[in-house]
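See structure below.
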Amino acid sequence: MKTEIKLIKNGKRLDGRKNDELRPIKIEAGVLHRAEGSCYLEWGGNKVLAAVYGPREAVPRHTQNPLRAIVNARYNMAAFSVDDRKRPGPDRRSREISKVISEALENIIITEKFPRASIDVSIEILDAEAGTRCAGLTAAAEALVDAGIPLKDIPVACAAGKIEGEIVLDLGKEEDNFGDADLPIAIAPRTGEILLLQMDGHLTQKEFDKALDLAIKGCKTIAELQKKAILEKYQKNMEG
Amino acid sequence: MNKQTREIVIPSQLLGDIKNKKAGHGTFIENGKIYAEILGVLSADSEHINVIPLRGRYDPIQGDFVIGIVIEAMSSSWLVDINAAYPALLHVNEVQWDVEFGETERYLNAGDTIMAKVLQVDSEKKLQITLKDRNLYKVKGGNLISVEPSKVPRIIGKKASMISLIKKYTRSRIFVGQNGRIWIEGEGQDVQKAIEIIELIQKEALSYGLTNKIEDLLKKDSKEVH
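Protein chains in written order, with the working numbering: chain A, 705 to 944; chain B, 16 to 241.
Next comes the structure, spelled out in structure tokens:
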């Protein structure tokens with residue numbers, strides 16, 4: 705890959721981060737009044753709003769499962785979230801992301817508690833700067849907790865990748881565009897189970913293992929932030 | 016149990032071992048350990064570990080008294096929203112009127128509010144409600160407010176202590192549905208007062224000695240009126 709930009713200078717990345725450093729993350733739970741649960745998340749230049757509706761009876765009826773709830777996550781990028789205007793509406797990419805996020809969430813929601821119901825998760829990307837599926841899933845998880853939905857774990861996502869031959873955590877925009885590989889994963893931090901794993905680009909087995917370990921480490925850091933954000937909101941509520 | 020604050024737990028938080036305690040509401044067991052499954056407040060008695068939910072829908076239980084809003088009148092039944100995940104069915108056999116087939120709209124229409132009892136919850140979570148019990152009827156007039164369903168036990172209080180306090184001092188008629196809907200009827204000022212008090216209880220639902228605090232507050236206010 706021919707690039708004009710040097711992605712790593714003097715051991716530091718373009719935005720001055722170390723190889724195993726995350727972008728700054730801000731999480732706020734319960735920001736919307738109409739939704740059962742919601743979350744606003746800023747992750748570097750990403751701005752994400754997630755809302756949870758339900759559990760409610762699934763419509764159309766044929767989508768209902770008499771034994772468990774179905775999970776519908778809808779990932780959507782705002783027209784103004786990228787440099788060139790994005791054509792609104794679902795496209796191939798956002799449908800894929802919606803599907804993988806739905807499946808990741810389905811694995812940790814205790815769906816048996818709500819037969820015939822659907823749990824709808826809406827993820828809106830307001831501002832995008834690489835790693836929106838991770839940011840979206842992390843926000844969706846926080847919104848699920850806020851909605852009071854029974855969960856086996858609070859999922860969390862983070863990416864690792866390879867730029868100029870080095871394995872780094874949480875790719876930024878240029879790193880994503882001009883890097884060699886991107887590996888977004890989502891885990892259930894309590895058990896360490898992997899809920900989502902995708903890869904773009906090429907990694908050797910060794911590099912892959914290293915990237916996976918790094919991403920899991922990143923996930924665990926973010927999981928702490930998630931827990932802190934939810935506790936902060938409800939402890940404040942308690943004090944009135 | 017005096018001045019400590021209650022502990023808030025989040026899903027997947029480790030609460031204990033099944034060797035020591037039994038897993039109660041809002042928890043699940045994995046590999047012999049008890050974990051919280053919902054966001055809530057930890058409440059452990061000598062036998063069980065429970066998590067009282069802070070958020071979420073009303074989970075209907077047979078025999079609960081609820082306030083429902085009619086969604087739709089069908090030919091021999093009504094669909095009623097009781098703030099649960101599923102709409103509830105009210106069959107014509109379960110009302111006190113003699114309704115002819117297809118004439119349901121003469122008695123209850125979309126938007127009407129009713130006080131009802133949960134008759135049945137089956138394994139598929141199909142809900143049925145009934146109006147055939149004491150003091151159940153279609154609501155006319157009054158005010159309807161909504162609270163978190165998980166706060167309802169606090170609003171009612173131990174042996175209805177809290178709610179009878181509010182009724183006594185505000186001279187209002189109050190019906191608290193287990194689904195978090197509350198109906199209040201009385202003089203304008205009194206209703207306002209009752210709503211304020213209920214909102215306060217909701218806000219401070221987790222503090223100890225709330226009944227006494229509310230009583231003091233109500234007493235003080237009623238003196239000011241005299």
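Each residue gets a CB set at the ideal place from its N, CA and C atoms; glycine is no exception.
Does DSSP put residue i in a helix, a strand or coil?
i, result
"residue 796(A)", "helix"
"residue 206(B)", "helix"
"residue 154(B)", "coil"
"residue 231(B)", "helix"
"residue 930(A)", "helix"
"residue 36(B)", "coil"
"residue 897(A)", "strand"
"residue 43(B)", "strand"
"residue 909(A)", "helix"
"residue 935(A)", "helix"
"residue 904(A)", "strand"
"residue 720(A)", "coil"
"residue 709(A)", "coil"
"residue 819(A)", "coil"
"residue 771(A)", "coil"
"residue 829(A)", "strand"
"residue 870(A)", "strand"
"residue 881(A)", "helix"
"residue 147(B)", "coil"
"residue 162(B)", "coil"
"residue 22(B)", "coil"
"residue 778(A)", "strand"
"residue 48(B)", "strand"
"residue 763(A)", "coil"
"residue 810(A)", "helix"
"residue 945(A)", "Because chain A in this structure spans residues 705 to 944, residue 945(A) falls outside the shown range and cannot be described."
"residue 834(A)", "coil"
"residue 864(A)", "strand"
"residue 914(A)", "helix"
Note down the Cα distance separating residue i from residue j, rounded to an integer number of angstroms.
i, j, result
"residue 821(A)", "residue 182(B)", "38 Å"
"residue 740(A)", "residue 755(A)", "7 Å"
"residue 95(B)", "residue 128(B)", "9 Å"
"residue 724(A)", "residue 872(A)", "6 Å"
"residue 809(A)", "residue 136(B)", "27 Å"
"residue 193(B)", "residue 207(B)", "21 Å"
"residue 88(B)", "residue 761(A)", "18 Å"
"residue 17(B)", "residue 226(B)", "Interpretation of residue 17(B) is limited by its pLDDT of 39, a score under 50 that renders its predicted location unreliable; the figure taken from the coordinates is listed afterwards. One C-alpha to the other measures close to 14 Å."
"residue 813(A)", "residue 853(A)", "7 Å"
"residue 833(A)", "residue 732(A)", "19 Å"
"residue 159(B)", "residue 914(A)", "59 Å"
"residue 219(B)", "residue 169(B)", "10 Å"
"residue 880(A)", "residue 886(A)", "7 Å"
"residue 931(A)", "residue 849(A)", "10 Å"
"residue 748(A)", "residue 29(B)", "31 Å"
"residue 45(B)", "residue 878(A)", "43 Å"
"residue 8(B)", "residue 110(B)", "An answer regarding residue 8(B) cannot be provided, because it is not within the stretch 16 to 241 covered by chain B."
"residue 126(B)", "residue 171(B)", "26 Å"
"residue 99(B)", "residue 882(A)", "50 Å"
"residue 151(B)", "residue 144(B)", "11 Å"
"residue 717(A)", "residue 746(A)", "20 Å"
"residue 47(B)", "residue 869(A)", "45 Å"
"residue 154(B)", "residue 190(B)", "11 Å"
"residue 792(A)", "residue 41(B)", "40 Å"
"residue 775(A)", "residue 910(A)", "35 Å"
"residue 889(A)", "residue 60(B)", "40 Å"
"residue 944(A)", "residue 757(A)", "At residue 944(A), the pLDDT of 47 sits below 50, so the modelled position is not reliable; the number obtained from the coordinates is stated separately. In a straight line, the C-alpha of residue 944(A) is about 26 Å away from that of residue 757(A)."
"residue 230(B)", "residue 737(A)", "31 Å"
"residue 730(A)", "residue 43(B)", "30 Å"
Output yes or no for whether 8 Å exceeds the beta carbon distance between residue i and residue j.
i, j, result
"residue 23(B)", "residue 939(A)", "yes"
"residue 71(B)", "residue 53(B)", "yes"
"residue 863(A)", "residue 743(A)", "no"
"residue 106(B)", "residue 90(B)", "no"
"residue 101(B)", "residue 164(B)", "no"
"residue 861(A)", "residue 900(A)", "yes"
"residue 751(A)", "residue 857(A)", "no"
"residue 167(B)", "residue 133(B)", "no"
"residue 727(A)", "residue 917(A)", "no"
"residue 805(A)", "residue 827(A)", "yes"
Quick one: does the C-beta of residue i sit closer than 7 Å to a heavy atom of the ligand FAD?
i, result
"residue 784(A)", "Summarising the ligand content, the structure contains no ligands, and the ligand FAD is consequently not present."
- Which parts of the segment 175 to 201 of chain B are runs of the alpha helix (DSSP H), unbroken and 4 residues or longer, counting only runs that do not cross its ends? 176 to 185
- At what residue ranges does the segment 58 to 137 of chain B contain a whole run of the beta strand (DSSP E), taking only runs of 3 or more? 63 to 68, 80 to 88, 92 to 96, 103 to 106, 128 to 136
- Sufficient close CB pairs (3 or more, under 8 Å) joining the segment 834 to 845 of chain A to the segment 114 to 125 of chain B: no
- Do the segment 891 to 901 of chain A and the segment 914 to 928 of chain A touch if we need at least three Cβ pairs shorter than 8 Å? yes
- Within the chosen definition, does the segment 30 to 38 of chain B reach the segment 58 to 76 of chain B through at least 3 CB pairs nearer than 8 Å? yes
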